[in-house]
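The next block holds one structure in the form of structure tokens; read it before the comments.
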Amino acid sequence: MKNILFAVSEIEGLVKTGGLADVAKALPLALNKLGHNARIVIPYYQQIAKILPKDNAIKSYAFPLNLNITYQVNVHVFEHTGLTIYCVDIATLFDRSGIYGDDYHAFEDNGERFSVFSIAILYFFQHFATQLSFSPNIIHCNDWHTALIPMLFKHDDYWKQANCDTILTIHNGAFQGIFSKKSVPSLISKLGTSHPNYEHDVVNFLKLGIVFAGRVVAVSPNYAQELLTELGSHHLFDIFQQVKHKTSGILNGCDYKDWSPEQDQLIHTPYGPNSLEKKLENKKDLQQQAGLTIDANIPIVAQVCRLTDQKGLDYLIPALRELVQHKVQILIAGTGDPIYVDQLEFLAQKHPDKLHFHHGYSEKLAHSYMAGADYFLVPSLFEPCGLTQMYALAYGTLPIVREVGGLKDTVIDLAFDDATGVVFTQPDCSHLIAAIRRGLLFYREYPERYKNLQVRAMDTKFLWHDSANQYLELYETLLR
């Protein structure tokens, strides 16, 4: 049995901004089902305090970090949704209304916040392992927020001698945690000002994690290959070339308990591969909710995402101006960059019978879009893994995706016998339009084949059990 400590900045059910939170819950649960002991460590955010108040803690410890600035650190231990969760409570750094920032502006002290969080994790599990009856064999770090842990680990005599090692999973290499030295006084106090892996006056958290982690894992095999290329490496090509011997890709799984159209309580009418006619009830409900013409024969193309350039908005918005000329209904929901919000609101007002835009997000809305649409758009500029295309497949809503990252690993184009969706290659307006037109033509001209694809899509599964077994093989290799 392995003791696995999952160090992460968010987790589904407590605090979430993206897919990282889904993985932080699902992967440890899958590891525990395989007979191991996976636990979570996360900051004690204001949002978490509302759900897990301190007086519900099983245990609480306090200790100072003796640095230039002394932080009082409490760690609360909770049992939540079948997982043991350690919440690192540093009120001056994490007792705020936002997680990483406020109103699309990152907190200026994020470098210090997550430096201290990482230092506190290693301190806590060094000094309190006996009381906890838990000493990690693997510290599984995730993205830049905990990417300092492998370097701190390698520079600590206690951890160098422990039966333990580190893994860093990269969920999105575009976000690297780049800070000036003066903004991370706790890290500099701990390791000095002239570490050879610093870049002049800048500290790149993700880069340090990649260099020092025992293994580096991308969240899909294809994304792992892209990270080794000049174009796909997010400007870290030289670093990834140096560590390619320890870099691999493991595809995320999908939580089919939360994303099952047969059991979904958030949609209008549950349905399955043998009752696809009931999916039409969800379509009509979605059309009604959006104020569009209720007509089962009009294809719906939907998208729910963060409104950022990563999600392909720079070529999607120009494409919409042409697509509204077709007999189609397009529904888009999300929050993000105000520039994209303004453009989508303008187009929706101009073409109210063809395009509906909802500025916001809720679980109910996401599920209703997934159940009611005929196609689901994921035209990303880059996509390390992607989960929404997996959800779409589960709901028989054929994904239209760009052949990049995990999208390439999970969706098969119409041109193949085992097709599950529509795939295009180039990140531009014309290729996206062509892909959507192919989908619309297929929907209208080949209705029986379209239904067969829906069934095949719904039978396609990406299980966390499989992902967890691949991680366990990696843990075993690393500890040997």
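If you're matching positions, the sequence shown starts at 0 in numbering that gives the first Met the number 0 and goes up one per residue.
Every residue, glycine too, gets a C-beta built ideally from N, C-alpha and C.
Remember, it's a predicted structure, so these values are computed and weren't measured experimentally.
Own chain residues within Cβ distance below 6 angstroms of residue i, not counting five before or after
i      : result
Met150 : Leu207, Phe211
Tyr339 : Leu306, Leu312
Thr482 : Outside the shown range of the chain (0 to 479) lies residue 482, about which nothing can therefore be said.
His144 : Ser8, Phe113
Ser232 : Leu226, Phe239
His357 : Ala332
Nearest-angstrom beta carbon gap, residue j and residue i [assumed within contact, 8 angstroms]
i      : j      : result
Gly176 : Gly252 : Going by Cβ atoms, the distance from Gly176 to Gly252 rounds to 26 angstroms, so no, they are not a contact pair.
Ile120 : Val183 : Contact doesn't hold; Cβ gap of about 16 angstroms is too wide.
Ala372 : Leu330 : 7 angstroms
Arg214 : Ile166 : 5 angstroms
Phe127 : Tyr60  : 6 angstroms
Ala23  : Phe5   : 6 angstroms
Leu230 : Gln240 : Wrong, their Cβ atoms sit about 14 angstroms apart, outside the cutoff.
Leu265 : Ser185 : Wrong, their Cβ atoms sit about 43 angstroms apart, outside the cutoff.
Ile57  : Glu78  : 7 angstroms
His199 : Gly290 : Not a contact, Cβ separation roughly 55 angstroms.
Leu376 : Val300 : 6 angstroms
Residue i versus residue j - alpha carbon distance
i      : j      : result
Val303 : Ala332 : 5 angstroms
Val422 : Tyr442 : 15 angstroms
Ala391 : Pro398 : 6 angstroms
Gln328 : Asp263 : 24 angstroms
Ser188 : Thr419 : 53 angstroms
Val74  : Asp88  : 6 angstroms
Ser179 : Val201 : 4 angstroms
Leu380 : His139 : 28 angstroms
Asp480 : Gln224 : No answer is possible for residue 480: the residues shown for the chain start at 0 and end at 479.
His234 : His170 : 16 angstroms
Leu413 : Ile98  : 41 angstroms
Asp352 : Lys283 : 15 angstroms
Ile10  : Arg455 : 31 angstroms
Gly438 : Ser429 : 14 angstroms
Gly191 : Met0   : 37 angstroms
Gly172 : Gly18  : 14 angstroms
Pro378 : Pro317 : 13 angstroms
Thr246 : Phe345 : 44 angstroms
Thr292 : Gln286 : 6 angstroms
Extent of the continuous beta strand (DSSP E) run through residue i
i      : result
Ala370 : Note, Ala370: premise wrong, no beta strand (DSSP E); alpha helix (DSSP H) at 362 to 371.
Ala397 : Reading the sequence as shown, one finds Leu at residue 397 and not Ala. Where Leu397 is concerned, the enclosing beta strand (DSSP E) stretches over 397 to 401.
Asn73  : 70 to 79
Gln175 : Taken as a continuous stretch (DSSP letters only), Gln175 belongs to no beta strand (DSSP E), as it is neither H nor E.
Thr419 : Premise fails: Thr419 is in no beta strand (DSSP E) and is neither H nor E.
Asp54  : Counting along the chain, Asp54 falls outside any beta strand (DSSP E), and DSSP gives it neither H nor E.
Contact set for residue i: own chain, Cβ-Cβ below 8 angstroms, skip 5 residues either direction
i      : result
Asp427 : Tyr314
Asp108 : Leu92, Ser182
Gln324 : none
His464 : Ala29, Lys32, Leu33, Gly252
Arg479 : none
Lys243 : Leu227
Ile137 : Lys1, Asn2, Ile3, Leu4, Cys163, Asp164, Thr165, Ile166, Tyr474, Leu477, Leu478
Ser466 : Leu26, Ala29, Ile249, Leu250, Asn251, Gly252
Lys450 : Leu275
Ala48  : Asp94
CB contact below 9 angstroms: residue i versus chain B
i      : result
His366 : Of the chains in the structure shown, none is chain B; there is only one protein chain.
Close Cβ partners of residue i (< 7 angstroms) along its chain, the five nearest in sequence each way excluded
i      : result
Tyr222 : Gly248, Pro383, Cys384, Gly404, Gly405
Ala146 : Cys140, Leu167, Gly176, Phe204, Leu205, Leu207, Gly208
Asp21  : Glu11, Asp254, Leu386
Limits of the unbroken alpha helix (DSSP H) element including residue i
i      : result
Val22  : 18 to 32
Phe381 : No alpha helix (DSSP H) contains Phe381, which DSSP labels as neither H nor E.
Cys428 : 428 to 444
Please specify which runs of the beta strand (DSSP E), each continuous and at least 3 residues long, are wholly inside the region 236 to 266, giving them in chain order. Listed in chain order, the complete beta strand (DSSP E) runs (minimum 3 residues) inside the region 236 to 266 are 246 to 248.
Which residue spans inside the region 182 to 223 form an unbroken alpha helix (DSSP H) run of at least 4? Taking only runs of at least 4 residues, the alpha helix (DSSP H) segments lying wholly in the region 182 to 223 are 184 to 190, 204 to 211.
Could you name each continuous alpha helix (DSSP H) segment of 4 residues or more that falls completely within the region 97 to 150, going from the start of the chain to the end? With a minimum length of 4 residues, the unbroken runs of alpha helix (DSSP H) contained wholly in the region 97 to 150 fall at 109 to 126, 128 to 131.
Unbroken stretches of the beta strand (DSSP E), 3 residues or longer, contained in the region 307 to 371: The region 307 to 371 contains these whole beta strand (DSSP E) runs: 328 to 333, 354 to 358.
Which whole runs of the alpha helix (DSSP H) in the region 274 to 308 are 4 residues long or more, in chain order? Within the region 274 to 308, the complete alpha helix (DSSP H) runs of at least 4 residues fall at 278 to 289.
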